[in-house]
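Scroll down for the structure; my scribbles are underneath it.
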Amino acid sequence: MKHSLYVKAAVVLLRWDIEREHRAWRRAHRRIAVDFPHLNEHLLRDIGIDPDGRMNFTPAPHVTASRRAKHLRRLLRFRHTT
Numbered sequence: 002m003k004h005s006l007y008v009k010a011a012v013v014l015l016r017w018d019i020e021r022e023h024r025a026w027r028r029a030h031r032r033i034a035v036d037f038p039h040l041n042e043h044l045l046r047d048i049g050i051d052p053d054g055r056m057n058f059t060p061a062p063h064v065t066a067s068r069r070a071k072h073l074r075r076l077l078r079f080r081h082t083t
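For the sequence shown, position 2 matches number 3 in my numbering, and the numbering has no gaps at all.
Structure representation (structure tokens):
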């Protein structure tokens, strides 16, 4: 039994959406957790720590682009087979 084109497209779009949500969840929970019990919430916010105790760090766009470019160069480098 063949599925319609609309059902196939819906399945693909749902899988993409689930994968996007999974990546967002991993990104949010991969952050570094810290514990400074002697500092108040205002000082923690000033040094970049959220109320949940995780560091609020967003890398600059050029840093991630350069890392991605370096990784692609390494993957696509021509290698002689001898």
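We put the CB at the ideal spot given by N, CA and C, even for glycine.
- Around the CB of I50, 16 or more other CB atoms lie within 10 Å, so the residue is classed as buried.
- As far as DSSP is concerned, R24 takes part in no beta bridge.
- Taking 8 Å as the cut-off, the beta carbon of F58 is found no closer than this to the beta carbon of R24.
- In this structure, the alpha-carbon of R78 lies about 30 Å from that of W17.
- Under the DSSP definition of a beta bridge, R74 lacks any partner.
- For the set A10, G54, K3, the Cα lying nearest the Cα of N41 is the one of G54.
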